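Asker: Below: one structure in structure tokens.
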């Protein structure tokens, strides 16, 4: 937003007036950004007609399903970008294959133009809230404890579905904050198992990885402490909280860590296997219950950097992440088999997808690469925000299809809310970016309801996507006529910028209006701050080293709360 | 070769002695480069056993096929690199799909690691002679008349198969020279229709393309002639010979051009449609004959640059080449349907592939891009020499398979020679680079017989590929320890060079020995000069403007031959 201030000044007032009147006209409805309303005005009649047919279809499904909406199983892979799983034509490019995900893709629909946010936390926030993370204020969880997280005020998909009769559970990576209000059990999940932090702690700063030198500065054996006047600046990763388990309304406990324990790659691998096993167990329990369920499995793998635990590469690629992608494909195979065994394949919608592009910092070691789209994690380039994404719902979604329609990860919120009969629970007091893509799923290609994406890096709007075009936003004061524009089909790697004159007279100006409309709406519905609170609040069994860490952090933050 | 002279000096003598003795031991056999013999020594026993089984299989096929070996239909697409056809997961990346080639791929085997030479002429020379073009001296046909071509002394696949009872025909692009000995009918084809030159003349310098400004310097309307002391330096494209038709032993005639005619995009499109129609007609004729046939269809499309002839894009990409890829996919669909109608699907091996990467000079206009592997036509990078390649032989080659084994386009010569019962006709007085890959086709993945590729740009050896590694050769005097090396699975775009120490101690030295062995063999079997002769020799109906052009060229070459 800041980078656009100057660029916006001339017409911001006009855009604001327009937005205000349109927004008021929709009071009572879900509040939409301008870009969606522009499409709705042109296609609303067709959409309404389609929606009637879809409602009939969904009612028929519920009738056959004992009056219940479908189960939802959502599998989100960490740092897996476009073309890194499934897509067997790329096996030979990558040097490994993922047979289970490939089979899954054949049984459902491939959303070939799925956009995420460029990093783990923002993608997960967008999926669960249906909003660009910048609106929630929580656009990135740090690798160190910070006392920040997804705010209580945000309404998650788990809350929407819970309100509508779903049993909900979350297993695996969470990465939504280290404060009480942000834990999964406090964001709508009945049951949750998850680490508080992310793989920087779990996979890069574990004792095995330190021995292999993946993160140099943490390993004090190779650093003189002569300059360490501030002993608390360099965090001890082992003092941070690792895995937790909890139930809605109850306490949350750290598990599988003893005081003094140095978390190793073995512990990381064991944690990953437990999450897979817990997913199987939870799914079995949920399948036997009366309620429809919403189960999230967010594996730790494929993020893995150590070599000590690898005996022999199973792939031509041989990178630790590549090897782990094949392993997690095996996990997914087990879960899909269990779905069959439990007899819930036909009444369970399953989505499998990545959360953002590869971490380019580690690509040569890890075995990942920006093989098709340029760029990776943290970047607004297509390689950062395009992922492989597959959805299966036998009998409802045509199998073996690939759709070119644009989707954004926030659309899953709105789509699952509708399919779970929870549309009425979507809040009406804030902008919802997620578009209901039920029509795309049930009616197929060309029935998507989005032709645009706003691409943020953190709180900075960096790129605009509309149809086949993408504009990298110019720096403050930059004239959009000379902004770098790309035709994504002719130049998918965004490495040969064209100015808007060459792409088409008026396009640069239209892109700048698109940004203005989007930002002007924020005057009515401002971006909010993230949730703040005491670090690790509500975790009842902090280890002594953790208590010391908490004490240091609260002191540094000027908070007087005593963690004991 | 020149760039390696210094790099070679130290051990060249040793390598030569080694090569000499090995080569002598194989007198009477096909002469192989050192790299192949190294593999043969390690796998020869297994290969011999496999070959016995394969011979039984082939004998069974011939028995069922009236004693005849299979027909061969070879479709070679111009400037179509890896991932530009078939591979439906990439449709959404490219913005177009090729349903006929995709279906074809599903019915056969995808050779996922097919290497070509980096340009049209050398790929075609390698395929037809089984030799790196540098050995034939004919490594690139110029865009202007030059009096050069594939030498008579080279033994082509058409000659090998003709000798063994095949009827042969070539339709479409040829690009093997503008002298009599180089025309298809003088290189083993019973019947041929082809232009003498290539798309620089046909698609870039046609009157429509000149109006659109694709080639600036040729259009004299926008150039002052004040500096033109030498009136013959800038060639009149319309004076060059266009399409020809001829039969073995007969004359060759230019067709569909009148004196004074200015070849247009309409003429180019009509020529392309005629070649498709002639392929259908020839195939019908050949299918009804007694002999097995070898038919080449080398379309002019997808190379196409003009816009005047496009009414409305059929694809999201909209580039003229992208549009033409879809059109030529339609042509291929017609040809494959005709194969079915003629009842020859089961006894016809069909290969469809590209000849090199996209012409990067035109990518933003054309709609092509180096979407996966970096680089394009003329370059030793994977994007220049990796192509999509598919082979179908119902009942003999397992359908729906993808193989990761390395193949080089010269292997088609040796493989088709074997399948066409013509192995005995492969010459024994020169190095044959093509490896017989029948085992790969009939037995499947991991049965390939090549783990290396020498990548030339023209006569310069630029890269060495071995297994998953690639070395970009250092400049003269450069130490291979610091040469740029790539793990092609971890870094398919060759954009993050690693030195050989990081890839593995000894690898740099082993790569340099690999180059030395290869070059040392040339002391025994030196690279030969190309064929030379009078421009357009043997064409009986040259237009007046062509005669004038020939007169100028022969004068400039110091030849006294009168073209009349």
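Protein chains in written order, with the UniProt record's numbering: chain A, 1 to 564; chain B, 1 to 564. C-beta: ideal position from N, C-alpha, C; glycine also. Since this is a predicted model, take the numbers as computed values, not measurements.
1. Are the C-beta of residue 101 of chain A and some C-beta of chain B separated by less than 8 Å?
2. If the cut is a Cβ gap below 7 Å, which residues of chain B does residue 164 of chain A touch?
3. Pop quiz: residue 545 of chain B and residue 259 of chain B are said to be a contact at Cβ under 8 Å. What is the actual Cβ separation, rounded to whole angstroms?
4. What is the rounded straight-line gap between the Cα of residue 197 of chain B and the Cα of residue 497 of chain A?
5. For the 8 Å Cβ check, are there 3 or more pairs between the segment 241-254 of chain A and the segment 514-534 of chain A?
6. Give me the Cα-Cα distance between residue 299 of chain A and residue 536 of chain A, rounded to the nearest whole angstrom.
7. Going by DSSP, name the residue or residues bridged to residue 76 of chain A.
8. Starting from residue 87 of chain B, find everything on chain A with Cβ-Cβ shorter than 7 Å and list it in chain order.
9. Am I right that residue 420 of chain A and residue 72 of chain A are in contact with their C-beta atoms under 8 Å? What's the rounded C-beta distance?
10. Starting from residue 442 of chain A, trace the beta strand (DSSP E) both ways and give me its first and last residue.
11. When DSSP labels each residue in this structure, what does residue 487 of chain B get in the three-state scheme?
12. Any idea what DSSP makes of residue 514 of chain B, helix, strand or coil?
13. Compute the Euclidean distance between the alpha carbons of residue 341 of chain B and residue 395 of chain B, then round it to the nearest angstrom.
14. What's the C-alpha gap between residue 314 of chain B and residue 91 of chain B?
15. Between A:389, A:412, A:46, which has its C-alpha nearest residue 82 of chain A's C-alpha?
16. Assuming residue 335 of chain B and residue 407 of chain B are in contact, meaning their beta carbons sit under 8 Å apart, how far apart are those beta carbons, in whole angstroms?
17. Identify each residue in the segment 481-504 of chain B for which the Cβ-Cβ distance to at least one residue of chain A is less than 9 Å, and report them in chain order.
18. How about residue 120 of chain A and residue 356 of chain A: are their beta carbons less than 8 Å apart?
19. Closer than 9 Å, Cβ to Cβ, to anything on chain A: give me those residues from the segment 302-328 of chain B, in chain order.
20. Would you report the Cα separation of residue 517 of chain A and residue 31 of chain A, rounded to the nearest angstrom?
21. Is there a Cβ from chain B that is less than 8 Å from the Cβ of residue 551 of chain A?
22. Would you say residue 94 of chain A reaches chain B, if we count a Cβ-Cβ gap shorter than 8 Å as a contact?
23. Just to make sure I have the definition right: I need the residues of chain B whose C-beta is within less than 9 Å of the C-beta of residue 369 of chain A. Which are they?
24. For residue 46 of chain B and residue 428 of chain B, what's the separation of their Cα atoms in angstroms?
25. Let me know the secondary structure DSSP gives residue 96 of chain A once reduced to three states.
26. Tell me, please, whether the CB atom of residue 107 of chain B is closer than 8 Å to any CB atom in chain A?
27. Between residue 372 of chain A and chain B, is any beta-carbon pair separated by less than 8 Å?
28. Over the uninterrupted beta strand (DSSP E) stretch that includes residue 171 of chain A, give me the two end residues.
29. Determine the chain B residues that contact residue 404 of chain A at a beta-carbon separation under 9 Å, and present them in chain order.
30. For the alpha helix (DSSP H) containing residue 529 of chain A, list its first residue and its last residue.
31. Nearest-angstrom Cα distance between residue 484 of chain B and residue 474 of chain B?
32. Give the DSSP bridge partners of residue 452 of chain B, in chain order.
33. Using a Cβ-Cβ distance cut-off of 8 Å, determine whether residue 396 of chain B contacts chain A.
34. Please identify, using Cβ separations under 7 Å, the residues of the segment 109-142 of chain A that lie next to chain B, in order along the chain.
35. Could you please give me the residues that DSSP links to residue 460 of chain A through a beta bridge?
36. For residue 503 of chain B, tell me which candidate among B:263, B:471, B:77 has the shortest Cα-Cα distance.
Answerer: Inspection of the coordinates gives the following:
1. Counted from its first residue, the first chain places residue 101 of chain A at position 101. Residue 101 of chain A does not count as touching chain B.
2. Looking up residue 164 of chain A in the first chain gives position 164. Neighbours of residue 164 of chain A on chain B: none; closest Cβ ~34 Å, over 7 Å.
3. Here residue 545 of chain B refers to the residue found at position 545 when the second chain is read from its first residue. Here residue 259 of chain B refers to the residue found at position 259 when the second chain is read from its first residue. Their Cβ separation, rounded to whole angstroms, is 7 Å, which keeps residue 545 of chain B and residue 259 of chain B in contact under 8 Å.
4. In the second chain, residue 197 of chain B corresponds to position 197, counting from 1. In the first chain, residue 497 of chain A corresponds to position 497, counting from 1. Going from the Cα of residue 197 of chain B to the Cα of residue 497 of chain A covers about 34 Å.
5. no
6. In the first chain, residue 299 of chain A corresponds to position 299, counting from 1. In the first chain, residue 536 of chain A corresponds to position 536, counting from 1. One C-alpha to the other measures close to 22 Å.
7. Reading the first chain from its first residue, position 76 is the one you call residue 76 of chain A. Paired residues: A:353.
8. Sequence index remark: in the second chain, residue 87 of chain B carries index 87 (1-based). The answer, in chain order, is 89.
9. Here residue 420 of chain A corresponds to residue number 420 of the first chain, with the count starting at 1. Here residue 72 of chain A corresponds to residue number 72 of the first chain, with the count starting at 1. Their Cβ separation, rounded to whole angstroms, is 7 Å, which keeps residue 420 of chain A and residue 72 of chain A in contact under 8 Å.
10. Counted from its first residue, the first chain places residue 442 of chain A at position 442. Here residue 442 of chain A belongs to no beta strand (DSSP E); instead the alpha helix (DSSP H) covers 438-443.
11. Along the second chain, one-based indexing puts residue 487 of chain B at 487. In the structure shown, residue 487 of chain B sits in a strand (DSSP, three-state: E or B).
12. Here residue 514 of chain B is taken as the residue at index 514 of the second chain, counted from 1. It is helical.
13. Here residue 341 of chain B is taken as the residue at index 341 of the second chain, counted from 1. Here residue 395 of chain B is taken as the residue at index 395 of the second chain, counted from 1. When rounded, the distance between both Cα atoms is 18 Å.
14. By one-based count along the second chain, residue 314 of chain B stands at place 314. By one-based count along the second chain, residue 91 of chain B stands at place 91. Each residue's alpha carbon lies about 13 Å from the other.
15. In the first chain, counting from the first residue as 1, residue 82 of chain A sits at position 82. Distances from the alpha-carbon of residue 82 of chain A to those of A:389, A:412, A:46 put A:389 closest.
16. Here residue 335 of chain B refers to the residue found at position 335 when the second chain is read from its first residue. Here residue 407 of chain B refers to the residue found at position 407 when the second chain is read from its first residue. Going by Cβ atoms, the distance from residue 335 of chain B to residue 407 of chain B rounds to 23 Å, so no, they are not a contact pair.
17. 487, 488, 489, 490, 491, 492, 493, 496, 498, 502
18. Here residue 120 of chain A refers to the residue found at position 120 when the first chain is read from its first residue. Here residue 356 of chain A refers to the residue found at position 356 when the first chain is read from its first residue. It is a contact, given that the beta carbons lie within the stated cut-off.
19. 315, 316, 317, 318, 319, 322
20. The count along the first chain starts at 1 and reaches residue 517 of chain A at position 517. The count along the first chain starts at 1 and reaches residue 31 of chain A at position 31. If I take the Cα positions, the gap works out to 14 Å.
21. Counted from its first residue, the first chain places residue 551 of chain A at position 551. Closer than 8 Å: no.
22. Locating residue 94 of chain A in the first chain gives position 94, where the first residue counts as 1. By this cut-off, residue 94 of chain A is an interface position.
23. As a working note, residue 369 of chain A is residue 369 in the first chain. The answer, in chain order, is 489, 490, 491, 492, 493, 496.
24. As a first step, residue 46 of chain B must be located in the second chain, where it is residue number 46. As a first step, residue 428 of chain B must be located in the second chain, where it is residue number 428. Cα to Cα, residue 46 of chain B sits roughly 24 Å from residue 428 of chain B.
25. By 1-based counting over the first chain, the position of residue 96 of chain A is 96. Residue 96 of chain A falls in the coil class under three-state DSSP.
26. In the second chain, residue 107 of chain B corresponds to position 107, counting from 1. Among the residues facing chain A, residue 107 of chain B is not included, as its CB has no counterpart in that chain under 8 Å away.
27. By 1-based counting over the first chain, the position of residue 372 of chain A is 372. Residue 372 of chain A counts as touching chain B.
28. Numbered from 1 along the first chain, position 171 holds the residue referred to as residue 171 of chain A. Segment 167-172, the beta strand (DSSP E) holding residue 171 of chain A.
29. Looking up residue 404 of chain A in the first chain gives position 404. Within 9 Å Cβ-Cβ: 91, 92, 95, 316.
30. What you label residue 529 of chain A is simply residue 529 of the first chain in a count that begins at 1. Here residue 529 of chain A belongs to no alpha helix (DSSP H), and DSSP marks it neither H nor E.
31. Locating residue 484 of chain B in the second chain gives position 484, counting from the first residue. Locating residue 474 of chain B in the second chain gives position 474, counting from the first residue. If you take the alpha carbons of residue 484 of chain B and residue 474 of chain B, they lie about 8 Å apart.
32. For this step, residue 452 of chain B is matched to residue 452 along the second chain. Secondary-structure assignment with DSSP links residue 452 of chain B through a beta bridge to B:466.
33. The residue labelled residue 396 of chain B in the question sits at position 396 within the second chain. So, not an interface residue.
34. Answer in chain order: 112, 113.
35. Here residue 460 of chain A refers to the residue found at position 460 when the first chain is read from its first residue. According to DSSP, residue 460 of chain A bridges with A:457.
36. As a first step, residue 503 of chain B is located in the second chain; it is residue number 503 there, counting from the start. Nearest C-alpha to residue 503 of chain B: B:471.
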